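Asks: Protein sequences, first through last, are from chains A and E.
Last residue of the first sequence: number 583 in the numbering used here, and the count goes up by one each step with no gaps.
Last residue of the second sequence: number 221 in the numbering used here, and the count goes up by one each step with no gaps.
Backbone N, C-alpha and C fix where the C-beta goes; we use that ideal spot for every residue, glycine too.
On a predicted model such as this, the values are computed, not experimentally measured, just so you know.
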Amino acid sequence: MTGTWIGMPAFPVAARKALADSQLRVNLRNATGTIRARREAVVAEKPDWEALRQAGKEIKDRTIANLDEHLLELERNVAMAGGTVHWARDAAEANRIVIDLTRRAGASEVVKVKSMATQEIELNEALADAGIAAYETDLAELIVQLGHDKPSHILVPAIHRNRAEIREIFAREMPDVPAGLTDSPAELAAAARAHLRRKFLSAKVAVSGANFAVAETGSLVVVESEGNGRMCLTLPEVLISVVGIEKVVPAWQDLEVFLQLLPRSSTGERMNPYTSIWSGVTPGDGPREFHLVLLDNGRTNALADEVGRQALRCIRCSACLNVCPVYERTGGHAYGSVYPGPIGAILTPQLRGAGADPVAASLPFASSLCGACFEACPVLIDIPEALVHLRAEAVDAQRRKGSGKGVGERLAMRAAGWVFSSRRRFEAAQRGAALGGRVLGRRGRIGRLPWPLSKWTDARDAPAPPPESFREWWRRTRGTGE
Amino acid sequence: MSAREEILGWIRSAVAGAPVPEVSREYARTVDHDVVDLFAERVSDYRATVRRLGWDGLALAISEELEAAGVGVLAVPADVPPDWLGVTDAVLRRDVPPLSTMDLDGCGGVLTGCALAIAETGTIVLDSGVAQGKRALTLVPDVHVCVVGADQIVGSVPEAIERLDPARPLTWISGPSATSDIEMDRVEGVHGPRTLTVLVVG
Numbered sequence: 102m103t104g105t106w107i108g109m110p111a112f113p114v115a116a117r118k119a120l121a122d123s124q125l126r127v128n129l130r131n132a133t134g135t136i137r138a139r140r141e142a143v144v145a146e147k148p149d150w151e152a153l154r155q156a157g158k159e160i161k162d163r164t165i166a167n168l169d170e171h172l173l174e175l176e177r178n179v180a181m182a183g184g185t186v187h188w189a190r191d192a193a194e195a196n197r198i199v200i201d202l203t204r205r206a207g208a209s210e211v212v213k214v215k216s217m218a219t220q221e222i223e224l225n226e227a228l229a230d231a232g233i234a235a236y237e238t239d240l241a242e243l244i245v246q247l248g249h250d251k252p253s254h255i256l257v258p259a260i261h262r263n264r265a266e267i268r269e270i271f272a273r274e275m276p277d278v279p280a281g282l283t284d285s286p287a288e289l290a291a292a293a294r295a296h297l298r299r300k301f302l303s304a305k306v307a308v309s310g311a312n313f314a315v316a317e318t319g320s321l322v323v324v325e326s327e328g329n330g331r332m333c334l335t336l337p338e339v340l341i342s343v344v345g346i347e348k349v350v351p352a353w354q355d356l357e358v359f360l361q362l363l364p365r366s367s368t369g370e371r372m373n374p375y376t377s378i379w380s381g382v383t384p385g386d387g388p389r390e391f392h393l394v395l396l397d398n399g400r401t402n403a404l405a406d407e408v409g410r411q412a413l414r415c416i417r418c419s420a421c422l423n424v425c426p427v428y429e430r431t432g433g434h435a436y437g438s439v440y441p442g443p444i445g446a447i448l449t450p451q452l453r454g455a456g457a458d459p460v461a462a463s464l465p466f467a468s469s470l471c472g473a474c475f476e477a478c479p480v481l482i483d484i485p486e487a488l489v490h491l492r493a494e495a496v497d498a499q500r501r502k503g504s505g506k507g508v509g510e511r512l513a514m515r516a517a518g519w520v521f522s523s524r525r526r527f528e529a530a531q532r533g534a535a536l537g538g539r540v541l542g543r544r545g546r547i548g549r550l551p552w553p554l555s556k557w558t559d560a561r562d563a564p565a566p567p568p569e570s571f572r573e574w575w576r577r578t579r580g581t582g583e
Numbered sequence: 020m021s022a023r024e025e026i027l028g029w030i031r032s033a034v035a036g037a038p039v040p041e042v043s044r045e046y047a048r049t050v051d052h053d054v055v056d057l058f059a060e061r062v063s064d065y066r067a068t069v070r071r072l073g074w075d076g077l078a079l080a081i082s083e084e085l086e087a088a089g090v091g092v093l094a095v096p097a098d099v100p101p102d103w104l105g106v107t108d109a110v111l112r113r114d115v116p117p118l119s120t121m122d123l124d125g126c127g128g129v130l131t132g133c134a135l136a137i138a139e140t141g142t143i144v145l146d147s148g149v150a151q152g153k154r155a156l157t158l159v160p161d162v163h164v165c166v167v168g169a170d171q172i173v174g175s176v177p178e179a180i181e182r183l184d185p186a187r188p189l190t191w192i193s194g195p196s197a198t199s200d201i202e203m204d205r206v207e208g209v210h211g212p213r214t215l216t217v218l219v220v221g
C-alpha cells in the first residue's frame, strides 16, 4: 500500500525547508487568496448553504453506515447498464486490474483524467513499469508531469507554480511548443490544447476517477472544467474508472446536494464548466466498454474508527487547504502525501494505519487547530476533532513501540510537572527562562531551544519571557512576599 | 477469499452499530427570480454569448452567430429541426451516418438544442435527446451554438435532477471550456469548445 511518498521527510522537517522558499510562499498566498474570495462570494449568495452542508453530512454518514449494501446495489446497476465491476483491496491489486484491462484492449498508452485515487495508488508509475505510457490531460497535472514534479494541491496540483514558471516548463518540455510563447494564461492554455489534441482523438483507453457513484442508478459522475474529462470519458473505446468505495451515494436525488456544494466550495463557481454523468455503456455514444474498479486501499481501516471515519465524507473540494494558515505557508509538498492540507492530515494516517510510517504519524501535528477548515468544509468534517483524536493515537502507537521517538515530549512534560509542582522550583525556572529569553529572544520570539524543550520549539516559536515575572513584580511592588 | 468478499467483510465489521442518521432536506428547491432573466444573466457571467429572441428570428440569429464565430463547416445532429437552418450558408455535416471523431475535428462548429437549462447556475444540460445527438458532437468542434427554449429553463439544481433521466448520458455545460489551474483564476478555452453561444427563444 502507498499513500505517502517514499523518502519524504516528516512534516516538521519538510515544512522548515518549504518556509524558506519565498517564491513558493508568494505563489501560494496569491492563489489561495484568489480562490478564498471567489468561494466566499458564491457561498454568500446561497441563503440555504447551511441546510445543504447539513444534508451533505447526513447523506454521507447514512451511506457509510450501510456501505456494503450501497456498494452491492451500485455493482448490480452498473452491470445492468452494461459495465463491469472489479474490486481491489489495495493499490497493487487495483494497478494490476488496470494494466490487464489496458493490455487486453491492445493499447500501449492511456489518457488520464485527473484523479486523486489513481495518484494515491501511483498508477502512472505502475503503468510505466508495465510498459504503458500514461498521459495526464488536466492542465495542472500536465504541468506537474512535464515538470517532473509532485502535486501539491488536491484541486490544482501545480498551485505552487506561477505563470512564469509554467511558461518555462512548457518551453523546455513540450516538443511542439509554439514559438514565442508568453506567460499569458490564455496562451498557456492554448499550448496545452494543441499539445494534447492528437492524443485525445486517437486514444483507445482512458482512465478516470469519479466524484460520485449513484447506487440506485449505477451512474458515475465526473466534475471538471477544461473538457479533458469529457474527451477521456467520451472518445476512447475503453473507459476504466478507479473509484474509492466511499464515493458511493445512495440515491439519484443526492446529486442535487453535492452538485451544489462541490463547485462552490472547490473552484468558487456556481457550477463548474462540465459535468459528465453516465451509466454503463450507450451504443453509438461513447466507449463500448466500461470498467469500474472499486478501491479500498485503507478506507475500511478509516471506517473502523468512530471519530476518524468522518474523513470519508470528504468530496475532495480542497476548501480546507485554501483556508488553512499552515498550508498557505508550507504548501502541499511538505505533507509528503497526495492528500495534503487539513484533510490530508487526517486522511493519510488513517489510510496508512496509525504509526505505520513517520510521515503519516507526523501529519496530525501539522495544524494549529484554528478551526478554519471545519468552517469551510461543505460536509461538516470536524477536522480539529479528528486531529486531536489521531494525535492521541499517534502517541499511543509510539508508546507501544517503546521507541525513543515521542519520548522527548513525555520527558519535557514530566519535567514541567516537576517544576510546576513546587513554587520555589517554578520561580527559579521562570528566572532561568527570563535570562535565557534575553539571550535567545529575537524580536520578542524564541526560535529553537535545546532538547527536550526543542520538542515544543521545533514546530513553533515561543514568545520570549518578560524580564520580570508576574510573581516577581508582585513581590517587588506589593512588598511582603505571600 | 475474493477481494469483493473480503472488502465487504471488512466494511461490515467496521460499521457494525454505526448510527444511521435521517437526511434533512431543508435546502431550497426553487428560486424566487424570473428564471429566464436569471438564466441569461448567469450564462453571461461565464463569458458566453447570450441572445434572447422569438422563434421567428431564430434562423437568422443562428446564421449571424455562426458567421460571427467564423464557422464554415457545421456539424448538426441527425434530427436538427430544418427551420433552424433556413438562413445559414455554412456547409452542413449531418451525423447520419455517424460522424467519426476525425470528421468532427474538421467541423468548425456544432448546433444543438438541449434537454433543459438551470437558471440559478447558468447551466445547459444535454441528454442525447431531441436535437442533441451523441456527446462527441458538442465536444470536438470549437464553437457550440445551443438553442434553449424559454420553457426548458428550470430554476434550481434540485428541479433539474428531478426532471433528468439517469439512464441517459448527461453533459452539464456551464460556459465555455475553462481552467482555474494557473494561479487559480478562471481562464476560458482549453479542450472543449472555446466559444459558447446560447440562444434563448420564446
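(1) Taking C-alpha atoms, which residue in E:Pro116, E:Asp56, E:Ala88 and E:Leu111 lies nearest to E:Asp170?
(2) Could you have a look at A:Met372 and say whether DSSP puts it in helix, strand or coil?
(3) Please list, in chain order, all residues of the same chain as E:Ser196 whose beta carbon is under 8 Å from its beta carbon, the five residues on each side excluded.
(4) Just confirm the distance between the C-beta atoms of E:Thr131 and E:Leu156, as a whole number of angstroms; I'd bet it's less than 8 Å.
(5) Is the stretch 146 to 165 of chain E touching the stretch 98 to 105 of chain E, taking contact as three or more C-beta pairs under 8 Å?
(6) Just verifying my parser: in three-state terms, what is the DSSP assignment at E:Val42?
(7) I need the straight-line Cα distance from E:Thr216 to A:Glu327, nearest angstrom please.
(8) Since A:Arg331 meets chain E, which of its residues come closer than 8 Å, beta carbon to beta carbon?
(9) Among the candidates A:Glu146, A:Thr135, A:Gly183 and A:Val199, whose CA atom is the shortest distance from the CA of A:Val344?
(10) Any beta-carbon of chain E closer than 8 Å to the one on A:Gly538?
(11) Which runs of the beta strand (DSSP E) at least 3 residues long sit entirely within the stretch 161 to 229 of chain A? Give them in chain order.
(12) Where does A:His434 land, buried or exposed, given buried means 16+ other C-beta within 10 angstroms?
(13) If the cut is a Cβ gap below 7 Å, which residues of chain E does A:Arg294 touch?
(14) Would you mind working out which of A:Asp162, A:Arg117, A:His490 and A:Val322 sits nearest A:Gly409, comparing C-alpha positions?
(15) Is the Cβ of E:Ile143 closer than 8 Å to any Cβ of chain A?
(16) How long is the line joining the alpha carbons of A:Ala457 and A:Pro450, rounded to whole angstroms?
(17) Taking only runs that begin and end inside the stretch 23 to 72 of chain E, name each unbroken beta strand (DSSP E) of 3 or more residues, in chain order.
(18) Quick one: which chain A residues come within Cβ less than 9 Å of E:Val176?
(19) For my contact list, A:Val114 and A:Leu393 are in at a C-beta cut-off of 8 Å; report their separation, rounded to the angstrom.
(20) With DSSP run on the structure shown, which of helix, strand or coil describes A:Cys421?
(21) How many angstroms separate the CA atom of A:Pro384 from the CA atom of A:Leu175?
(22) Cβ atoms of A:Gly445 and A:Leu125: under 8 Å apart, would you say?
(23) Give the list of continuous alpha helix (DSSP H) stretches no shorter than 4 residues that lie fully inside the stretch 390 to 455 of chain A.
(24) Does any residue of chain A bring its CB to less than 8 Å from the CB of E:Glu202?
(25) Which class does E:Ala109 belong to by DSSP, given the choice of helix, strand or coil?
(26) Taking all protein chains shown into account, do 16 or more other C-beta atoms lie within 10 angstroms of the C-beta of A:Glu226, making it buried, or fewer, making it exposed?
(27) Could you have a look at E:His163 and say whether DSSP puts it in helix, strand or coil?
(28) Between which two residues does the alpha helix (DSSP H) holding A:Ser303 run?
(29) What is the residue span of the alpha helix (DSSP H) that A:Leu488 lies within?
(30) What does A:Tyr375 reach in chain E if we use C-beta pairs closer than 8 Å?
(31) Of the choices A:Glu194, A:Leu470, A:Thr238 and A:Val439, whose alpha-carbon is the least far from that of A:Ala290?
(32) Name, please, each residue of chain E whose Cβ falls closer than 8 Å to the Cβ of A:Glu159.
(33) Since E:Ile81 is in the alpha helix (DSSP H), which residue starts that stretch and which ends it?
(34) Have a look at A:Gln220 and A:Gly281 and give me their C-alpha separation to the nearest angstrom.
(35) Output needed in chain order: residues of the stretch 112 to 145 of chain E with a Cβ under 8 Å from some Cβ in chain A.
(36) Along chain E, which residues have their Cβ under 9 Å away from the Cβ of A:Ser419?
Replies: In this structure, then:
(1) E:Asp56
(2) Three-state DSSP puts A:Met372 in coil, outside helix and strand.
(3) Glu207, Gly208, Val209, His210, Gly211, Pro212 and Arg213
(4) 7 Å
(5) yes
(6) coil
(7) 17 Å
(8) Arg154, Leu158, Thr190, His210 and Gly211
(9) A:Val199
(10) Residue placement at A:Gly538 is flagged as unreliable, the pLDDT there being 43, under the threshold of 50; the coordinate-derived value follows with that caveat. No, no contact with chain E.
(11) 185 to 189 and 210 to 213
(12) buried
(13) Neighbours of A:Arg294 on chain E, chain order: Val209 and His210.
(14) For the set A:Asp162, A:Arg117, A:His490 and A:Val322, the Cα lying nearest the Cα of A:Gly409 is the one of A:His490.
(15) no
(16) Taking the straight line from one Cα to the other gives about 8 Å.
(17) 68 to 72
(18) Leu356, Glu357, Val358, Leu360, Gln361 and Met372
(19) Rounded, the Cβ-Cβ distance is 39 Å, inconsistent with contact.
(20) Helix at A:Cys421.
(21) 21 Å
(22) no
(23) 400 to 404, 420 to 424, 426 to 431 and 442 to 453
(24) yes
(25) coil
(26) exposed
(27) Note: E:His163 maps to strand in three-state DSSP.
(28) Pro286 to Ser303
(29) For A:Leu488, the enclosing alpha helix (DSSP H) starts and ends at Ile484 to Lys502.
(30) Thr190, Trp191, Ile192, Ser193, Ser196 and Gly211
(31) A:Thr238
(32) Pro40, Glu41, Val42 and Ser43
(33) Leu77 to Ala87
(34) For A:Gln220 and A:Gly281, the distance between alpha carbons rounds to 33 Å.
(35) Of all residues in the stretch 112 to 145 of chain E, those with a C-beta nearer than 8 Å to a C-beta of chain A are Pro117, Thr120, Met121, Asp124, Ile137, Glu139, Thr140, Gly141 and Thr142, reading in chain order.
(36) What A:Ser419 touches in chain E: nothing, since even the nearest Cβ is about 10 Å away.
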